[in-house]
Amino acid sequence: MRLSEEVRELLLQGRETELVERAATDARLVRPLLARLYDPSHPIRDRAARVLGHAAAAHPELGRDVARRLIWALNDESATNGVYAVPALGQIGRRAPDLLAPHVSALAGMAWDDGLRLAILDALAEVAGSSPELVAPELDAVEPHVDVSRPAEEDAWRNLKNAVLGDETHE
């Protein structure tokens, strides 16, 4: 079985722990994990993003390159559907904040995009869960774009603020 097929099968079976352990020693898993970010199955995409976060932390040089490529995927010029890259960016930022630090402002700056906003809010909350100081300066830039008339967006915004500010008392 090819590595890409094996990775997909392990993700399908929910065997993230096994993949995380393998990714720590085998950087070759990064390429098939990146491909799985665009899988038709939402659970596979989510699992791939989480494992990719671990892999990036285990292989920082490769992780820096992955973060750059995923940010590029968000640009219109890339001709890629970048929404699937956003959760992986959040997971990289959660597991290895220093790898995402140069890109947090660019990620937050894309909150104007209705198709990306919810994923961006979630990803920024992931980053803030381990490094709120990276995300705090971006709240003012993101807030004007948040549509609180959309319940999912309102919840994601609240979660982001809670992750950054560390409490649930603010509105």
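Quick note: to get my numbering, add 915 to the position in the sequence shown (first position is 1). By construction, the Cβ of each residue, glycine as well, lies at the ideal position given by its N, Cα and C atoms. A quick note: this is a predicted structure, and the numbers were derived from the prediction, not measured.
Exposure of residue i, with buried meaning 16 or more beta-carbon neighbours within 10 Å
i       : result
Val1001 : buried
Met916  : exposed
Leu1075 : buried
Glu920  : exposed
Glu1053 : buried
Gly1081 : exposed
Arg1032 : buried
Leu1094 : As displayed, the chain neither begins before 916 nor continues past 1086, which places residue 1094 out of reach and without an answer.
Glu1058 : exposed
Val907  : A query on residue 907 cannot be resolved here, the shown segment of the chain reaching from 916 to 1086 and no further.
Ala1023 : buried
Arg923  : buried
Cβ of residue i within 8 Å of any chain B Cβ
i      : result
Ala972 : In summary, chain B is missing from the structure at hand, where a single protein chain is found.
Host alpha helix (DSSP H) of residue i (start-end)
i       : result
Gln1006 : 1001-1010
Asp941  : First-last for Asp941: undefined, no H or E at that position.
Arg984  : 975-988
Leu1080 : 1066-1080
Asp1055 : 1054-1057
Pro1047 : 1047-1050
Val922  : 918-927
Val998  : No alpha helix (DSSP H) holds Val998; DSSP gives it neither H nor E.
Val1063 : Looking at the DSSP string, Val1063 is not in any alpha helix (DSSP H), and its letter there is neither H nor E.
Leu1022 : 1019-1023
Cβ-Cβ distance between residue i and residue j below 8 Å
i       : j       : result
His1029 : Ala1071 : Contrary to the premise, residue 1029 reads as Asp rather than His in this sequence. No, these two residues do not count as a Cβ contact at 8 Å.
Leu989  : Ala942  : no
Ala971  : Val981  : yes
Leu870  : Leu944  : Look at the range of the chain in this structure, 916 to 1086, and you will see that residue 870 is not part of it.
Val1042 : Leu1015 : yes
Leu926  : Leu949  : no
Ile986  : His957  : no
Ile1035 : Ala1021 : no
Specify whether the region 945-964 and the region 916-932 touch according to this definition: at least 3 beta carbon pairs, one from each stretch, less than 8 Å apart.
Per the Cβ contact rule, the region 945-964 is in contact with the region 916-932 (3 or more Cβ pairs under 8 Å).
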